[in-house]
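My numbering numbers the first residue of the sequence shown as 18 and each following residue consecutively.
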Amino acid sequence: MVATPIGNLNDMTPRAIDILGQADLIAAEDTRVTGQLLKHFGISTPMISLREHNERSMAEKLVARMQAGETIAQVSDAGTPAISDPGAVLAACAHAAGIPVVPVAGASALATALSAAGFTAPHTLFYGFLPPKTKQRCDTLTSLKDAQWVTVFYEAPHRIVDSLDDMVTVLGPDRQAVLARELTKTYETIRRMPLAQLAEWVKSDSNQQRGEIVLVIDAAPPVEAQESSEYDHVLAPLVAELPLKQAVALAQSITGAARNPLYERALILKKTLEN
Ligand code: SAM
Numbered sequence: 018m019v020a021t022p023i024g025n026l027n028d029m030t031p032r033a034i035d036i037l038g039q040a041d042l043i044a045a046e047d048t049r050v051t052g053q054l055l056k057h058f059g060i061s062t063p064m065i066s067l068r069e070h071n072e073r074s075m076a077e078k079l080v081a082r083m084q085a086g087e088t089i090a091q092v093s094d095a096g097t098p099a100i101s102d103p104g105a106v107l108a109a110c111a112h113a114a115g116i117p118v119v120p121v122a123g124a125s126a127l128a129t130a131l132s133a134a135g136f137t138a139p140h141t142l143f144y145g146f147l148p149p150k151t152k153q154r155c156d157t158l159t160s161l162k163d164a165q166w167v168t169v170f171y172e173a174p175h176r177i178v179d180s181l182d183d184m185v186t187v188l189g190p191d192r193q194a195v196l197a198r199e200l201t202k203t204y205e206t207i208r209r210m211p212l213a214q215l216a217e218w219v220k221s222d223s224n225q226q227r228g229e230i231v232l233v234i235d236a237a238p239p240v241e242a243q244e245s246s247e248y249d250h251v252l253a254p255l256v257a258e259l260p261l262k263q264a265v266a267l268a269q270s271i272t273g274a275a276r277n278p279l280y281e282r283a284l285i286l287k288k289t290l291e292n
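If you want it as structure tokens, here you go:
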């Protein structure tokens, strides 16, 4: 399973070049796309097309060839195979036949976007593509609304405005989000702001509705912090003017609420003010 660049050809690893050059056959998602890559690196290994619609029948044929001693490298159009791309079926068939599956690590839009997002929650869910229709998309988002982990979505450019609108509706306008567009390419754009602002910004600039996009959404605020948002009318002006500890102490004596949830909420309000 050989990862290839997601835009910048300098992200091709020396190991990927070696493996693709040495393999007997390259199973590629689109042989025209991979053909360009191979040409750039002077690799002349033959290719065969392995796409979503022929993945199973092709995987069986490829396993038979590997059992006969051939080495086959799987690539997708860009990034790491089997991540929202073909590859998993071939890997599963190879495992079932006792053939070693060797990952050749490299670029993936998932890890690239996540590394730049700057969210500190310790857990992350990679969701991949949301459903294309609003009803199913909102149902999916509702099921993720209170999740205490960062969520990574792939999104098509022609759906970015609708998806952001649904996210504002379901996850709320204040949830921090990162739009990571055209990663590693000339027009790479990485913007972090609350969802409502992000949606407005994308709507106001049609350039942001083009190219390849990853959305990274911050974890939901801790439940106690959500509950304590009822004290925002007291806490917010204090956080805007005072150091955090002092703002929380004052809010505590005014409202009589517990300190920890107030503190958690104050952190969120401070973050919102900074953005
Ligand atoms: N397997 C690939 C990977 O590991 O990155 C992902 C393939 S998936 C079919 C394509 C989606 O990945 C795009 O719609 C976009 O959401 C994301 N993507 C791929 N390349 C990207 C890039 N350079 N910048 C931002 N997103 C990218």
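All C-beta atoms in this analysis are idealised placements derived from N, C-alpha and C, irrespective of residue type, glycine included.
heavy atom of ligand 1 below 6 angstroms from residue i C-beta
i: Asp-47; result: no
i: Asp-102; result: yes
i: Gly-231; result: The sequence given here has Val at residue 231, not Gly. Yes.
i: Tyr-171; result: yes
i: Ala-108; result: no
i: Thr-97; result: yes
i: Ser-93; result: yes
i: Gly-311; result: Within the shown structure, residues of the chain are numbered from 18 to 292, placing residue 311 beyond reach of any answer.
i: Gly-24; result: yes
i: Ala-126; result: yes
i: Leu-67; result: no
i: Leu-279; result: no
i: Glu-199; result: yes
Close-in-space but distant-in-sequence residues of the same chain around residue i (CB under 8 angstroms, 5 per side omitted)
i: Leu-298; result: Absent from the structure is residue 298, since the part of the chain shown begins at 18 and ends at 292.
i: Thr-201; result: Pro-22, Ile-23, Gly-24, Asn-25, Asp-28, Ala-124 and Thr-129
i: Lys-162; result: Val-187, Leu-188 and Ala-237
i: Thr-151; result: Asp-179 and Asp-183
i: Leu-261; result: Tyr-280, Ala-283, Leu-284 and Lys-287
Cut-off 6 angstroms between Cβ atoms - residues of its own chain near residue i, not counting five sequence neighbours on either side
i: Cys-155; result: Asp-183 and Val-187
i: Asp-47; result: Asp-94
i: Arg-227; result: Pro-174
i: Val-265; result: Leu-279, Tyr-280 and Ala-283
i: Trp-96; result: Sequence check: residue 96 is Gly here, not Trp. Once the five neighbours on either side are set aside, the close Cβ partners of Gly-96 are Ile-23, Ala-124, Ser-125 and Ala-126.
i: Ala-76; result: Val-106, Leu-107 and Cys-110
i: Thr-88; result: Ala-40 and Asp-41
Neighbour-count burial assignment, residue i, 16 or more Cβ in a 10 Å radius
i: Tyr-204; result: exposed
i: Glu-291; result: exposed
i: Ala-85; result: exposed
i: Gln-91; result: buried
i: Arg-176; result: buried
i: Glu-172; result: buried
i: Asp-222; result: exposed
i: Thr-159; result: exposed
i: Phe-58; result: exposed
i: Ile-271; result: exposed
i: Asp-35; result: exposed
i: Gly-104; result: buried
i: Arg-198; result: buried
i: Phe-136; result: buried
i: Ala-122; result: exposed
i: Ala-134; result: buried
i: Gln-225; result: buried
i: Val-233; result: buried
Beta-carbon contacts of residue i that lie in its chain and below 7 angstroms, excluding the five residues immediately before and after
i: Lys-220; result: Val-178
i: Ala-99; result: Met-18, Ala-105 and Ala-108
i: Tyr-144; result: Thr-168, Val-169 and Phe-170
Exercise. On the three-pair Cβ rule with 8 angstroms, is the stretch 183-193 touching the stretch 206-215?
Worked result: yes
For this session: Please determine if the stretch 105-117 and the stretch 75-90 are in contact, where contact requires at least 3 C-beta pairs separated by less than 8 angstroms.
Result: As far as the Cβ criterion goes, the stretch 105-117 touches the stretch 75-90, which means the pair count is three or higher.
For this session: Let me know the alpha helix (DSSP H) ranges lying completely inside the stretch 116-176, each 4 residues or longer, listed in chain order.
Result: 126-134 and 151-161
For this session: Tell me the start and end of each unbroken alpha helix (DSSP H) in the stretch 20-51 that is at least 4 residues and wholly inside, in chain order.
Result: Runs of the alpha helix (DSSP H) inside the stretch 20-51: 31-39.
For this session: Output the residue ranges of the alpha helix (DSSP H) runs that lie fully inside the stretch 44-110 and measure 4 residues or longer, sorted by chain position.
Result: 48-57 and 72-84
For this session: Let me know the beta strand (DSSP E) ranges lying completely inside the stretch 217-289, each 3 residues or longer, listed in chain order.
Result: Within the stretch 217-289, the complete beta strand (DSSP E) segments of 3 residues or longer fall at 230-234, listed in chain order.
Exercise. Counting Cβ pairs, one atom from each stretch, are 3 or more of them under 8 angstroms apart for the stretch 61-72 and the stretch 34-47?
Worked result: yes
Exercise. Can you list, in chain order, the stretches of the beta strand (DSSP E) that have 3 or more residues and sit fully within the stretch 190-221?
Worked result: 193-198 and 206-211
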